[in-house]
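Okay, so here's the structure we're looking at.
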Amino acid sequence: MTALLQIAARSAWNRRGTLALVMLSIALATALLLGLERLRSDIRGSFMQSVSGTDLIVGARTGPVQLMLYAVFRVGSATHHITMDSVRAVAAHRAVAWTVPITLGDSHRGHPVLGTTADYFRHFAYGDRQPLVLAQGRAFAGTLDGLYEAVLGAEVADRLGYRLGQHIALSHGMVAGPGKHADHADHADHADKPFTVVGVLARTGTPVDRTVHVSLQAIEAIHLDWAGGAPLPGLAIAPEHARKFDLEPKQVTAVLVGLKNRVAVFNVQRYVADHAAEPLLAVLPGVALDELWAVVGLGERALLAISGLVALVSLASLVAVVLAGLNERRRELAVLRAVGAGPRHLLALLATEGVLVTLAGALLGAVAAALAVLAAAPWVQQRLGITLQATVPTPEQWALFGAVLVAGMLASLVPGWRAYRLSLADGLSPRT
Amino acid sequence: MISIRDLQYAWPGAAPCLEIDRLDIAAGRTVFLHGPSGCGKSTLLGLMAGVLVARQGRVSLLGQDWAALRGGARDARRAEHVGVIFQQFNLLPYVSVLDNVLLPCRFSPARARRCTDGPVAAARALLQHVALPPGLWPRRADALSVGQQQRVAAARALIGRPELVIADEPTSALDAALRDDFMRLLLDECRTGGSTLVFVSHDDRLAAHFDERLSLPTLNRAAS
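Protein chains in written order, with this note's numbering: chain A, 1349 to 1780; chain B, -12 to 211.
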C-alpha cells in the first residue's frame, strides 16, 4: 500500500497543473461555505445578543415582532404609544425591579434618536449581560441644565466624525438613510434646539451603536412648538424658554422592564396583557428575537444553500477532471496491473488521489476563510456593525468542513470505480 | 510451468474468442506464439498472467489454477511469478527509469528477496545488462527513446527472476537494428535467469530465436 501511495503522489504531481486548478476550485468553494457560515453565525450572534438582561419589553398592543423591530432595532415606527400612567402601573408591580421608558420617532442624519432616562445606561445590557460603557464623556444629565445633551452610539460618532462638545440638530421622523445630509444643521426640523454631544458609547455590535440618545424631557422640549407631526405656524419656543414648560412626557413608545426574579416573567406578562386602561403587549425579548430571526434568517439560509451548491459543482469538476484523464491513464493502470496491482488497488489509487485533492483544497479553503475573516473583520465591524469572530471554527463550520471532505471522498469513488471496471475489462491490453 | 486444459474464454457479451483444449509450456523454455491481429494472443497472455480469469477450463501457472485464487491472491501471485513487457507505453512516465525497474519489487516482497544484493543493486545490474547508460537511470522514463524504454521494460520484467516472462509484441515499435538488439538481450537475460519466456508477435521472422513455435490459430478452435 505504501508503494501505491508513493505512486499516487507522483502520478498526481505529474498532473499537478490540472489538479491544482481543481484544488483551487474546491478551496474557493470551501472558503465561501465556511466564510458564509461564519458570517451567518456571527450575524445571528449579533442579532440574538442585541438585548439581554431585559426581561420584558412593553408597548402598545401590536405584533411581538413589530414591537421588537422598533423598540430594539429602531426599524419602523410605533402606530400607538403608551401613557406614562401605564408605565407607572407596570413599574408598580411587585415583581418589577426597574423600568426604562423609551421614545422613538426622531432622527439625526439617518440615525434613530432614542429618548430615554439616565437609567437606560445603568440597566440596558447586550450580549452576555454586558452593560453599556462610555468610551468618552458621560451620560446625559437628565436635568433641566443638561436638557440638550446627547450621547452617541459608537457608529454614529465614527461615521459622522463627531467629537465631545460638538453641536448636532435632530430631525422629525426618519428622513434619510445613515450619513445622508437631509438633517444637516441647516435643514434639520429641530435645528432651533441644537444638542451638545456629551458622551460616546463604546462599540456594542448592536443597534445601540447606530443610535443617538437624549433624555425624554429633551424629546418633549423639541416638540413643544409642534402638533400633529408638523411645526405650529407662528409659534417658536426658544431653547432656554422651553425649560420653563412641564417637560414630563405623557406618552412613550415602549418600556424596557427588568424583574427581580425571572420566574415571575409570565405573571407580569399576563398582568400587562390584562391592563384595563389601555391595550398593552409585553414580549419576552429572546422569544421575539427567535421569531424575528425565523423571518430575516431566510436570506442567510438561501446564501448557505447556494454556497453548498458551489461546493457540489467543484466536487463534480473534480470527478469530471479525473474521469476525463482516466482514458489516457488506462495504459498506466495496465502497467500497474501487470506488476501486481489489483483492481482494488487501482480503485484505491484513484480514490486516494481524489481524497487528497479534496483534503488539500478544503484545508486551503479553511485557511483562506479564516484569513478573509481576519482581514475583513474591522471593515465589517465598522460598516455593518457585525463583530466577526476570527477564533476557533464553530461546530457548524466543522460540520460543513467534514461534509466537504465526505462529499469529496464519495465523489472520488466514481473515477475509482470506473478505473476498477476498466482494469477488469482491459486485462493487459487497454483498448484505447 | 503453464498448463491449459479445455479453456474457453469470451469477453462479456461476445462469442468465445479462445477455445484451447490443451497447451503445456515447460519451465525455462522460450516460446514464440504467433498469429494474426485479433486472433486472441493478448487475451491468452492475460489469462496466463492471471489478469483475466477463465470461466470454463483451467489455466495454471506452476501448478496453481488461477481461477482457484481470490483476486488479491492472484495479484500477489502475478507480482511474484510473472514479468510483463507490453508492445509500447510500458513505463510509468512520471517516475525515474530506476524506479520503473523496481516496481515489481515494491508490489512483491518475495521478488525483492530474490534479488541477492537487494532490489536496487539488481535493478542497476539489469539496466547495465540491457546497455542503458547510468546517466539515464535517474531520469523520467518519458525522457527515453522508444528503444531505450523497451529495454527498461525488459529489465523491469526480469527483476527478481520471475518464473514466467510474458512479452506482448514488444518489438513492433522498433526498427530492424533495435529489434535484433532487443531480442538478443531479452533471450539472453531469460536464459541466464532461468525464466520461461512467452513471446507474442505476428512477425514470423522472429521465430528462429526461440525454442518452440506455437501458432495460435492452430491451437484456438474458436478461430477456425
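Beta carbons are placed, not taken as given, at the ideal position from N, Cα and C, and that holds for glycine.
The C-beta of ALA63(B) comes closer than 8 Å to at least one C-beta of chain A. Taken residue by residue, none of the stretch 1 to 28 of chain B has a beta-carbon sitting less than 8 Å from a beta-carbon on chain A. When only Cα atoms are considered, THR1410(A) and ALA1621(A) end up about 12 Å apart.
Per DSSP, the beta-bridge partners of ASP52(B) are SER47(B). Assignment of beta strand (DSSP E) within the stretch 1451 to 1497 of chain A, counting only whole runs of 3 or more residues, yields 1459 to 1464 and 1482 to 1485 in chain order.
Listed in chain order, the positions of the stretch 30 to 64 of chain B with a beta carbon within less than 8 Å of a beta carbon of chain A are THR30, LEU32, GLY33, ALA36, VAL38, LEU39, GLY58, GLY59, ARG61, ASP62 and ALA63. The residue from LEU1352(A), LYS1598(A) and LEU1663(A) with its alpha-carbon nearest to that of ALA1751(A) is LEU1663(A).
Rounded to the nearest angstrom, the Cβ distance from ALA141(B) to LEU161(B) is 12 Å, too far for a contact under 8 Å. Only those residues of the stretch 1679 to 1691 of chain A whose C-beta falls short of 9 Å from the nearest C-beta of chain B are listed: ARG1679, GLU1680, ALA1682, VAL1683, LEU1684, ARG1685, ALA1686, VAL1687, GLY1688, ALA1689, GLY1690 and PRO1691. Taking a 10 Å sphere around the C-beta of GLN1414(A), we find 16 or more other C-beta atoms and assign the residue as buried.
TRP1446(A) carries a strand assignment under DSSP once its states are collapsed to helix, strand and coil. Taking the CA atoms as reference points, GLN1729(A) sits about 11 Å from ASP1506(A).
DSSP, reduced to helix, strand and coil, places SER188(B) within a strand of the structure shown.
Of the other Cβ atoms in all chains shown, 16 or more fall within 10 Å of the Cβ of GLN135(B); this residue is therefore buried. In this structure, the beta-carbon distance from LEU1518(A) to HIS1456(A) falls below 8 Å.
Nearest to ASP1540(A) by alpha-carbon distance, out of GLY1713(A), LEU1583(A) and VAL1504(A), is LEU1583(A). Taking a contact as a CB-CB distance under 8 Å, the pair VAL1406(A) and LEU1736(A) does not count as one, their CB atoms being some 34 Å apart.
The three-state secondary structure of LEU1580(A), taken from DSSP, is coil.
Residue pairing by DSSP places VAL1631(A) opposite ILE1405(A) in a beta bridge. In the pairwise beta carbon analysis, the stretch -8 to 12 of chain B is classified as touching the stretch 24 to 34 of chain B: at least three pairs are separated by under 8 Å.
Boundaries of the alpha helix (DSSP H) around GLN1414(A): 1412 to 1419. Between the alpha carbons of ARG42(B) and ASP52(B) lies a distance of about 12 Å.
Cβ contact annotation for THR17(B) (same chain, cutoff 8 Å, sequence separation greater than five): LEU174, CYS177, ARG178, THR183, LEU184, PHE186, HIS196, PHE197, ASP198 and GLU199, in chain order. Taking C-beta atoms under 8 Å as the contact rule, SER1400(A) and TYR1474(A) qualify, at a distance of about 6 Å.
Here ASN1675(A) is exposed, its C-beta having fewer than 16 other C-beta atoms within 10 Å. If you draw a straight line from the Cα of MET1396(A) to the Cα of GLY1634(A), it is about 7 Å long. Put simply, the stretch 1492 to 1507 of chain A touches the stretch 1538 to 1553 of chain A. At least three CB pairs are less than 8 Å apart.
Neighbours of ASN1362(A) across chain B, judged by C-beta separation under 8 Å: PRO80 and TYR81. Nearest in C-alpha terms to MET(-12)(B), of all of MET35(B), ARG98(B), ASN207(B) and ARG192(B), is MET35(B). In the DSSP assignment, SER(-10)(B) falls outside any alpha helix (DSSP H) and lies within the beta strand (DSSP E) extending over -11 to -4.
If you draw a 10 Å sphere on the C-beta of PHE1488(A), you find 16 or more other C-beta atoms in it, and that means buried. For chain A, none of the residues of the stretch 101 to 128 of chain B brings a beta carbon within less than 7 Å of one of its beta carbons. Nearest CB-CB separation between ASN77(B) and chain A: below the 8 Å threshold. Residues of chain B whose Cβ lies closer than 8 Å to the Cβ of SER1359(A) are, in chain order, LEU79 and TYR81.
Bridge partners of SER1519(A) according to DSSP: SER1455(A). Shown here for VAL117(B): same chain residues with a beta carbon closer than 8 Å to its own, the five before and five after excluded, namely ARG138, VAL139, ALA141, ALA142, LEU172 and GLU176 in chain order.
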